[in-house]
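Chemist: The structure that follows is given in the form of structure tokens.
Residue numbers (the UniProt record's numbering): 1 to 246.
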């Protein structure tokens with residue numbers, strides 16, 4: 001019975017759609033928390049925290065939950081297309097917003113009140129492992145969301161030009177960060193010095209579960225952060241930079 005429960009936990013892990021507590025800019029809680037008023041720190045930014053590693057048994061479930069969060073909280077100006085995203089997803093978003101409004105005893109928002117999707121922030125503080133299926137799930141989700149916002153990327157995806165849609169990673173375990181960097185799902189830019197100081201290198205003498213204080217060298221990225229607040233600041237900076245290019 002315990003084994004069955006463990007399998008269920010792996011296949012259907014808990015997750016949180018986070019929002020910033022009003023008047024507490026550094027505190028983020030689950031949007032479903034009944035005790036506090038919270039909202040997205042920036043319009044069109046989704047903050048998602050899975051509570052298990054991203055592995056084969058749960059990757060489809062987590063991807064579906066992220067997509068639900070996106071469809072409920074954001075909209076798009078892209079024209080529906082079978083090869084990109086369908087009207088079914090648009091109807092799914094409308095249904096999710098209606099269900100949430102009914103649960104809260106209020107009217108669903110008007111279409112012009114729903115922000116465009118601008119960024120996803122993955123809080124990976126509870127993720128100790130990403131296997132090949134989990135990594136492919138992140139790529140599939142990224143490609144789907146790029147199409148959702150009306151953009152596409154080739155296999156040499158780079159974010160350095162401040163795109164219309166961004167993916168950020170927060171509180172990333174060193175092993176997970178290494179996988180993300182090797183996969184090039186993060187862009188080559190500047191890794192914040194604070195992260196270099198906090199990363200640790202596996203000790204070959206003590207085994208893979210032991211770490212020394214020697215910093216590990218990764219391909220740098222401005223899409224990896226120590227905290228959600230750091231990610232939000234970077235997103236705002238990217239938007240400000242993009243505004244100067246228009």
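The beta carbon of each residue, even a glycine, is placed where N, CA and C say it ideally should be.
In angstroms with no decimal places, state the Cα-to-Cα distance between residue 233 and residue 1.
Modeler: In the chain shown, the residue the question calls residue 233 occupies position 233. In the chain shown, the residue the question calls residue 1 occupies position 1. Going by the C-alpha atoms only, they are around 46 Å apart.
Chemist: Give the DSSP-derived three-state secondary structure of residue 32 in the structure shown.
Modeler: As a position in the chain shown, residue 32 is number 32, starting the count at 1. The answer is coil: DSSP assigns residue 32 none of H, G, I, E or B.
Chemist: Since residue 50 is in the beta strand (DSSP E), which residue starts that stretch and which ends it?
Modeler: On the chain shown, residue 50 is found 50 positions in, with the first residue counted as 1. Looking at the DSSP string, the run of the beta strand (DSSP E) that includes residue 50 is 45-50.
Chemist: Assess contact between the region 64-80 and the region 108-122, defined as three or more Cβ pairs (one per stretch) separated by less than 8 Å. Is contact present?
Modeler: Verdict: yes, contact present.
Chemist: Would you call residue 241 buried or exposed, if buried means 16 or more other Cβ atoms sit within 10 Å of its Cβ?
Modeler: Here the question's residue 241 lines up with position 241 in the chain shown. Per the 10 Å Cβ criterion, exposed.
Chemist: Run the CB neighbour count on residue 191, radius 10 Å, all protein chains shown included, and call it buried at 16 or more, exposed below.
Modeler: Here residue 191 is taken as the residue at index 191 of the chain shown, counted from 1. The predicted model places residue 191 with a pLDDT of 39, which falls under 50 and marks its position as unreliable; any figure quoted below should be read in that light. The residue is buried, with at least 16 neighbouring Cβ atoms inside 10 Å.
Chemist: Tell me, please, whether the region 88-95 touches the region 131-138 by the rule of three or more beta-carbon pairs shorter than 8 Å.
Modeler: Contact between the region 88-95 and the region 131-138 is absent, because fewer than three Cβ pairs lie under 8 Å.
Chemist: Once you ignore the five residues that flank residue 108 on each side, which residues in its own chain have a CB closer than 7 Å to its CB?
Modeler: In the chain shown, counting from the first residue as 1, residue 108 sits at position 108. Counting only Cβ-Cβ distances below 7 Å, and skipping sequence neighbours, we find 97, 98, 101.
Chemist: Closer than 8 Å is the cut-off here; do at least three beta carbon pairs connect the region 39-46 with the region 56-64?
Modeler: No, the region 39-46 is not in contact with the region 56-64.
Chemist: Alpha carbon to alpha carbon, how far is residue 21 from residue 183?
Modeler: On the chain shown, position 21 is the one that residue 21 refers to. On the chain shown, position 183 is the one that residue 183 refers to. Residue 21 and residue 183: Cα-Cα distance of roughly 34 Å.
Chemist: Out of 66, 7, 125, state which residue places its alpha-carbon closest to the alpha-carbon of residue 93.
Modeler: Here the question's residue 93 lines up with position 93 in the chain shown. When only C-alpha atoms are compared, the closest one is 66.
Chemist: In this structure, does DSSP put residue 37 in helix, strand or coil?
Modeler: In the chain shown, residue 37 corresponds to position 37, counting from 1. Coil at residue 37, not helix or strand.
Chemist: Please find out if some non-hydrogen atom of the ligand ZN comes closer than 7 Å to the beta-carbon of residue 177.
Modeler: Judged by which ligands are present, the structure shown has none, so any question about the ligand ZN falls away.
Chemist: Taking only the alpha-carbon atoms, compute the straight-line gap between residue 9 and residue 244 and give it to the nearest angstrom.
Modeler: Here residue 9 corresponds to residue number 9 of the chain shown, with the count starting at 1. Here residue 244 corresponds to residue number 244 of the chain shown, with the count starting at 1. Using only the alpha carbons, I get a separation of about 46 Å.
Chemist: Residue 262 and residue 51: beta carbons closer than 8 Å?
Modeler: This structure gives no information on residue 262, because the portion of the chain shown stretches from 1 to 246.
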